[in-house]
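For what it's worth, full-length UniProt numbering labels the leading residue of the sequence shown as 1, then goes sequentially.
This report refers to the structure that appears directly beneath it.
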Amino acid sequence: MTGSTTALSPSRRGLHVITWGCQMNVYDSARMSDVLRPLGYQSVDAPEAADMIILNTCHIRDKAAEKVFSELGRLRKIKEARKEEGAQTIIAVAGCVAQAEGQEILTRAPYVDIVLGPQTYHRLPEMVARAARAGGAVIDTDFPAEQKFDFLPDAAAPQTPGNYTAFLTIQEGCDKFCSFCVVPYTRGAESSRSVASVLAEARRMAESGVKEISLLGQNVNAYHGEGPDGTVWGLAQLANALATIPGLSRLRYTTSHPRDMDDALINAHRDLPALMPFLHLPVQSGSDRILRAMNRGHTADEYRDIVRRLRDVRPDLALSSDFIVGHPGETDEDFEATMQLVRDVTFAQAYSFKYSPRPGTPAAGAPLQVPEDVKDARLQALQALLRQQQDAFNAALVGQTIPVLFTGEGRKPGQIAGRSPWLQPVHVSGPRHLIGQELPVRITERLTNSLGGTLVEETVYA
Ligand code: 5AD
Ligand code: SF4
């Protein structure tokens, strides 16, 4: 069934995956490619060369569904053009929009063959077979009793040599039900992978040369996996075990909830040099009234206190966060409390959004929706302050010597590029053979979103 437009051998089929949204979607896209590989699917860059196109969607903020339908319109044209050449194209919609709007997609875009929610990727080969046979649409957005992690094959471990950083999903779903958020409805309840399977995947990654692993989960610090000793392990215990894997020198985790920043995890930041001093800890608002309305389960001072404790044990810890302005009921005073929290905490980096109502969530139907122009003005003010803090944080590194993990070539010839402990991209002049090593770099300049520096010496960090 390989189309004449593909350059693949006849037994091979082209797969083109379009990924929107969070890092979990990036990971899921890689795993969907993994489960389809035994069926002969190989990645192709152009959708025109693909026998199957997967659109992995994100529902978290504005106009998600409309964006999906407009992209599907484009894919439909490709499918029709290929059909004229006698080639079949399976179109699958995956991810959170698929979960939330499955039926709507099949009604409005009947040329879509497969709709699958994030919990059913392990059933993808079967769905593909059914879609190819029947030509009819297949929808699977259940939250099955079996765990998808138990059914997915091992991640195709040695991703191409030369990958020194990797994502590893350890936890999925959320049952915190923040007033504004669709995740509990699209990703389902919290579930964690077993410690054994996480460690096995991490070991394979390390053996293939990965030095830095980012553990992923919607609520990653709520991790509660079954331990090899039969007890339930939290993230701190898992991080301690991961830190013993030879070759793994850097660990990160994202996204965390302040409610789950327990003492053990805070102490892990004291005890494990591999835990990078950069933490994404969304706070959303600095107003206790709004935090309550958001159902966040903590106050602004409790957040300040967590940050203080983290910095006590790891003084170089920098923070990143998410903010929402214009949640229903947010007054000027509430917004000022958010600005005050930002001034008090100081963030190295942040994402900020205007509240957008998600159908089916409690806040969407709440009274006192905030007018769009007010949201705009608040977002501008908040982003200006956050930008100032980010610039100051980057500027403060100029003149310092910091460890950089080199991951690839730089933009200019003769340059190599890597990342700092705080995830800033760093460029230096240096030979390619240093790629894959972690080396001290003296930072000499701050660019808009990256840093420039010079290699101090060619000694590898321990
Ligand atoms: N409106 C605006 N921002 C939202 N987020 C989640 N849901 C919404 C919404 N309805 C933001 C939150 C979250 C980040 C991933 O997206 O800040 O932490
Ligand atoms: Fe959404 Fe809140 Fe769960 Fe985060 S903690 S995924 S914002 S419901």
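Quick reminder that beta carbons are idealized off the backbone N, C-alpha and C, glycines included.
Ranges of the beta strand (DSSP E) found wholly within the UniProt domain "MTTase N-terminal" (13-133), counting only runs of at least 3: Counting only runs of 3 or more, we get 13-19, 41-43, 52-57, 90-95 and 114-116.
Using CA coordinates, which residue listed in 280, 43 and 424 is at the minimum distance from residue 12? Counting from 1 along the sequence shown, the entry for residue 12 is found at position 12. The residue among 280, 43 and 424 with its C-alpha nearest the C-alpha of residue 12 is 43.
Nearest neighbour of residue 287, chosen from 410, 107 and 338 [CA to CA]: As a first step, residue 287 is located in the sequence shown; it is residue number 287 there, counting from the start. The residue with the shortest Cα to Cα distance from residue 287 is 338.
For residue 441, does the three-state DSSP call read helix, strand or coil? For the purposes of this step, residue 441 is taken as residue 441 along the sequence shown, with counting starting at 1. It is a strand residue.
Buried versus exposed call for residue 4 [16 or more other C-beta atoms within 10 Å across all chains shown]: One-based indexing of the sequence shown puts residue 4 at position 4. Residue placement at residue 4 is flagged as unreliable, the pLDDT there being 37, under the threshold of 50; the coordinate-derived value follows with that caveat. Answer is exposed; the Cβ neighbour count stays below 16.
Answer yes or no: the CB of residue 284 versus the heavy atoms of the ligand 5AD, is any distance below 7 angstroms? For the purposes of this step, residue 284 is identified with residue 284 of the sequence shown, where counting begins at 1. It does: the Cβ of residue 284 is within 7 angstroms (strictly closer) of some heavy atom of the ligand 5AD.
Could you please give the first and the last residue of the uninterrupted alpha helix (DSSP H) stretch that includes residue 184? What you label residue 184 is simply residue 184 of the sequence shown in a count that begins at 1. That run of the alpha helix (DSSP H) goes 183-186.
Starting from the C-beta of residue 364, find all residues in its chain whose C-beta is less than 7 angstroms away, skip the five residues before and the five after it, and write them out in chain order. As a first step, residue 364 must be located in the sequence shown, where it is residue number 364. For residue 364, where only same-chain residues beyond five positions count, the Cβ hits under 7 angstroms are 357 and 358.
Applying the 10 Å Cβ sphere with the 16-neighbour rule, what's the burial state of residue 221? As a working mapping, residue 221 is identified with position 221 in the sequence shown. Buried, since its Cβ has 16 or more Cβ neighbours within 10 Å.
Status (buried if at least 16 other CB within 10 Å, exposed otherwise) for residue 427: Residue mapping note: residue 427 aligns to position 427 of the sequence shown, counting from 1. Buried, by the Cβ-count rule.
Applying the 10 Å Cβ sphere with the 16-neighbour rule, what's the burial state of residue 389? The residue labelled residue 389 in the question sits at position 389 within the sequence shown. Looking at its Cβ environment, which holds 16 or more other Cβ atoms inside 10 Å, residue 389 is buried.
Contact test: residue 312 Cβ vs the ligand 5AD heavy atom, cutoff 7 angstroms: The residue labelled residue 312 in the question sits at position 312 within the sequence shown. It does not: the Cβ of residue 312 is nowhere closer than 7 angstroms to a heavy atom of the ligand 5AD.
Taking 7 angstroms as the cut-off, does the CB of residue 25 come closer than this to any heavy atom belonging to the ligand SF4? As a working mapping, residue 25 is identified with position 25 in the sequence shown. No, Cβ of residue 25 sits at least 7 angstroms from all heavy atoms of the ligand SF4.
So is residue 335 buried or exposed if we call it buried at 16+ other beta carbons inside 10 Å? Residue numbering aside, residue 335 sits at position 335 when the sequence shown is read from its first letter. The residue in question, residue 335, is buried, as its Cβ has 16 or more Cβ neighbours within 10 Å.
Going by DSSP, name the residue or residues bridged to residue 225. The residue labelled residue 225 in the question sits at position 225 within the sequence shown. DSSP lists 233 as partners of residue 225.
Residue(s) in a DSSP beta bridge with residue 211: Sequence index remark: in the sequence shown, residue 211 carries index 211 (1-based). Beta-bridge pairing links residue 211 to no other residue.
If I follow the unbroken beta strand (DSSP E) through residue 278, where does it start and stop? Position 278 of the sequence shown, counted from the start, is the residue given in the question as residue 278. Here the beta strand (DSSP E) through residue 278 covers 278-280.
Decide yes or no for the touch test of the stretch 30-40 against the stretch 113-127: beta carbon pairs closer than 8 angstroms, at least 3 of them. yes
Reducing DSSP to helix, strand and coil, say where residue 398 ends up. The residue labelled residue 398 in the question sits at position 398 within the sequence shown. Reduced to three states, the DSSP call for residue 398 is coil.
Mark residue 107 as exposed unless 16 or more other C-beta atoms lie within 10 angstroms of its C-beta, in which case mark it buried. To locate residue 107, count along the sequence shown from 1; it is residue 107. Counting Cβ neighbours within 10 Å, residue 107 comes out exposed, since fewer than 16 surround it.
In terms of DSSP beta bridges, what is residue 455 paired with? Mapped onto the sequence shown, residue 455 falls at position 455. DSSP, once it has assigned bridges, lists 441 as partnering residue 455.
Could you spell out the range, first to last residue, of the beta strand (DSSP E) harbouring residue 257? Here residue 257 refers to the residue found at position 257 of the sequence shown. No beta strand (DSSP E) contains residue 257, which DSSP labels as neither H nor E.
Closer than 7 angstroms: is that where the CB of residue 353 sits relative to any heavy atom of the ligand 5AD? As a working mapping, residue 353 is identified with position 353 in the sequence shown. Within the cutoff, so yes.
Stretch-stretch touch, CB-based, cutoff 8 angstroms, three pairs: the stretch 421-441 with the stretch 401-413: yes
Is residue 168 helix, strand or coil when you go by DSSP? Locating residue 168 in the sequence shown gives position 168, counting from the first residue. Of the three classes helix, strand and coil, the one that applies to residue 168 here is strand, per DSSP.
Paired residues, beta bridge with residue 306 - DSSP: Taking the first residue of the sequence shown as 1, we reach residue 306 at position 306. The partner list for residue 306 (beta bridge, DSSP) is empty, contrary to what the question assumes.
What residue from 259, 213, 255 and 266 has the CA that sits closest to residue 237's CA? The residue labelled residue 237 in the question sits at position 237 within the sequence shown. If we check each option's Cα against that of residue 237, 266 comes out closest.
Closer than 6 angstroms: residues whose CB approaches a heavy atom of the ligand SF4: 174, 176, 177, 178, 181, 183, 184, 218, 219 and 257
Tell me, which residues are paired with residue 253 by DSSP? Counted from its first residue, the sequence shown places residue 253 at position 253. Answer by DSSP bridge pairing, in chain order: 215.
Residues in the same chain with beta-carbon distance under 7 angstroms from residue 351, minus the five sequence neighbours each way, listed in chain order, please. Within the sequence shown, numbered from 1, the residue matching residue 351 stands at position 351. Contacts found: 322.
Continuous beta strand (DSSP E) stretch holding residue 416: start and end: Sequence index remark: in the sequence shown, residue 416 carries index 416 (1-based). Segment 415-419, the beta strand (DSSP E) holding residue 416.
Within this structure, are the beta carbons of residue 180 and residue 26 separated by less than 8 angstroms? Counted from its first residue, the sequence shown places residue 180 at position 180. Counted from its first residue, the sequence shown places residue 26 at position 26. No, these two residues do not count as a Cβ contact at 8 angstroms.
Burial state of residue 444, where buried means 16 or more other Cβ atoms lie within 10 Å: What you label residue 444 is simply residue 444 of the sequence shown in a count that begins at 1. Its Cβ having fewer than 16 others within 10 Å, residue 444 is exposed.
How is residue 358 classed by DSSP in three states: helix, strand or coil? Within the sequence shown, residue 358 is the residue found at index 358, counting from 1. In the structure shown, residue 358 sits in coil (DSSP, three-state: anything other than H, G, I, E or B).
Using only CA atoms, which one of 395, 330 and 113 lies nearest to residue 374? Counting from one through the sequence shown, the residue named residue 374 turns up at place 374. Checking every option, the nearest Cα to that of residue 374 belongs to 330.
Considering only residues of the same chain and omitting the five flanking positions on each side of residue 343, which have a CB-CB separation below 8 angstroms? Against the sequence shown, residue 343 aligns to sequence position 343. So the qualifying residues of the chain are 385.
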